[in-house]
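Asks: If you scroll down you'll find the structure; I have some questions about it.
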Amino acid sequence: MTDPDPIPTAKGTSGGATEGTAQEAAAGTAGAAYRAGFACLVGRPNAGKSTLTNALVGHKVAITSAKPQTTRHAVRGISTTAESQLVLVDTPGLHRPRTLLGERLNDLVRETLLGVDVVGFCLPADQRVGPGDQFIAAELAELQRARRTPVVAIVTKTDLVPRDRLVAQLVAVDALGDWTAVVPCSATGGSQVDDVRAVLAGLLPLSPPLYPEQTHTDEPDEVMVAELVREAALDGVRDELPHSLAVVVEEIVPREGRREGAAPMLDVRVSIYVERDSQKAIVIGKGGARLRAVGATARTGIEALLGVKVFLDLHVKVAKDWQRDPKALTRLGF
Ligand SMILES: Nc1nc2c(ncn2[C@@H]2O[C@H](COP(=O)(O)OP(=O)(O)OP(=O)(O)O)[C@@H](O)[C@H]2O)c(=O)[nH]1
Ligand SMILES: [Mg+2]
């Protein structure tokens, strides 16, 4: 998943890799016509941005779920070919905020938009264009005016509608703004994902690659681990609980006292935060059954990510109303 030898300087910055490393990478791939740069995927919550990011990258770099507001930070996925390197920045869904967390997530999207070369505006094929989309279209029009950033409208989830409805949706989306292109695709069906990539990559500046060829993401392992636990915990919870979940990796350390010659193992200690005691009981489940199931699912993903066996130690804690508490938000990394 993550590159075994990620570029430390690229982590958490928006500028990409160091020059030396980029040049090394460029030696293998780049010619004078090579394109590389950043594309931001925006859209309403649940529009299919993270699923499309994963499909474009060809690896799972972002967690996805049927619940709105799954993504909570700008996730970078990297897709490299012989002609171009497309760095996709998957963002939280833009929405009318109801909490301080929601406001901070919207701010993050707006900040991300200012730093990219091209924008992909995702609209699901199975939902009418509505006020939420119009709100985003207006923000993008402003970006196009102020920064001349090209915007490609991407009609997602085309597998969910018959052809005539898709055509009607393409027409409605086209009328919503001044898009450089309108491209339909299905990320889960694998249909026209290559077309989306080609259109976005074609709008990037001429540049050597910014990351080594084999890199799929610059997310630190701790972030990926926390996200995998949150994805597992999201599955099967309802109502407000998905929004109330936050996950923090406390430590990842080699397991002590392993027998000589035994395969290495990591101790991964993770806290799952909820907002109320009643939610804590739900996450843990009867006799701890739910938490065990979450742990088993997450562990499989974490072992695949880190490439070693892990002992996953999950603790559920209450941080009262953290979504509205500035101090708690900062502690949780927002
Ligand atoms: N049928 C179908 N479902 C899809 C497709 N793409 C995404 N989905 C589903 O739509 C839901 C939301 O997908 P996500 O990728 O998490 O959406 P998102 O836009 O990242 O959502 P937020 O992070 O909450 O803003 C999930 O249940 C996905 O499986 C698609 O091409 N076809
Ligand atoms: Mg998402």
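The working numbering puts the first residue of the sequence shown at 129, with every later residue one more than the last.
Glycine residues also receive a C-beta, built at the ideal position from the N, C-alpha and C atoms.
Computed from a predicted model, the values in this text were never measured in an experiment.
Buried or exposed for proline 340, please, with buried defined as at least 16 other CB atoms from any protein chain shown within 10 angstroms of its CB.
Replies: By the neighbour-count rule (16 or more Cβ atoms within 10 Å), proline 340 is buried.
Asks: Quick check on this structure: which residue in Asp453, Glu231, Val321 has the alpha carbon closest to the alpha carbon of glutamine 197?
Replies: Comparing Cα positions, the closest option is Glu231.
Asks: Compute the Euclidean distance between the alpha carbons of valine 299 and threonine 286, then round it to the nearest angstrom.
Replies: Going by the C-alpha atoms only, they are around 14 Å apart.
Asks: Out of curiosity, what's the CA-to-CA distance linking valine 327 and valine 170?
Replies: Their Cα atoms are separated by approximately 16 Å.
Asks: So, under 8 Å CB-CB, leucine 251 and valine 283 are touching, yes? Tell me the CB distance rounded to an integer number of Å.
Replies: The pair is a contact, with the Cβ atoms about 6 Å apart (cut-off 8 Å).
Asks: If you pair each beta-carbon of the region 165–181 with each one of the region 238–254, do three or more pairs fall below 8 Å?
Replies: Yes: the two stretches touch, three or more of their Cβ pairs being nearer than 8 Å.
Asks: Sorry if obvious, but does the Cβ on threonine 240 come closer than 7 Å to a heavy atom of ligand 2?
Replies: False, no ligand heavy atom lies under 7 Å from that Cβ.
Asks: Relative to the C-alpha of alanine 281, which residue among Ala175, Arg273, Glu368, Val215 is closest?
Replies: Selected option, being the one with the closest Cα: Ala175.
Asks: Select from Pro454, Gly461, Arg459, Leu460 the residue whose C-alpha is nearest the C-alpha of leucine 228.
Replies: For the residues Pro454, Gly461, Arg459, Leu460, the minimum Cα distance to leucine 228 belongs to Pro454.
Asks: Is the region 258–278 touching the region 303–310, taking contact as three or more C-beta pairs under 8 Å?
Replies: They touch, by the three-pair rule.
Asks: Quick one: complete beta strand (DSSP E) runs, 3+ long, within the region 343–429?
Replies: Counting only runs of 3 or more, we get 374–382, 393–402.
Asks: Could you check whether isoleucine 400 and valine 375 sit closer than 8 Å to each other, using their CB atoms as the reference points?
Replies: The answer is yes: Cβ separation under 8 Å.
Asks: Ligand 2 and alanine 190: does the residue's C-beta get closer than 7 Å to at least one heavy atom of that ligand?
Replies: Yes, Cβ of alanine 190 sits closer than 7 Å to a heavy atom of ligand 2.
Asks: Look up isoleucine 191 in the DSSP assignment and say whether it is helix, strand or coil.
Replies: In this structure, isoleucine 191 counts as coil in the three-state DSSP scheme.
Asks: Between the Cα of valine 396 and those of Arg238, His443, Ser193, spot the shortest distance and give me the residue it belongs to.
Replies: Out of Arg238, His443, Ser193, His443 has the C-alpha closest to the C-alpha of valine 396.
Asks: Spatial neighbours of serine 212 within its chain, please: CB distance less than 7 Å, with the 5 preceding and 5 following residues excluded, ordered by chain position.
Replies: For serine 212, where only same-chain residues beyond five positions count, the Cβ hits under 7 Å are Tyr162, Arg163, Ala164, Ala329, Leu332.
Asks: If we count the other Cβ atoms within 10 Å of its Cβ and call it buried at 16 or more, is phenylalanine 439 buried or exposed?
Replies: Its Cβ having fewer than 16 others within 10 Å, phenylalanine 439 is exposed.
Asks: By how many angstroms is the C-alpha of leucine 241 removed from the C-alpha of aspartate 235?
Replies: Cα to Cα, aspartate 235 sits roughly 10 Å from leucine 241.
Asks: Give a single yes or no on whether lysine 177 has its beta carbon closer than 7 Å to a heavy atom of ligand 1.
Replies: Yes - ligand 1 has a heavy atom lying nearer than 7 Å to the Cβ of lysine 177.
Asks: Kindly examine ligand 1 and report whether one of its heavy atoms sits closer than 7 Å to the Cβ of glycine 171.
Replies: Indeed, a heavy atom of ligand 1 lies less than 7 Å from the Cβ.
Asks: Who does glycine 165 pair with in a DSSP beta bridge?
Replies: DSSP lists Leu214 as partners of glycine 165.
Asks: Determine, using beta-carbon pairs with one atom in the region 213–223 and one in the region 371–389, whether at least three such pairs fall under 8 Å.
Replies: Cβ pair count under 8 Å is below three, so no.
Asks: Going by the C-beta, is threonine 343 closer than 7 Å to any heavy atom of ligand 2?
Replies: The answer is no for threonine 343.
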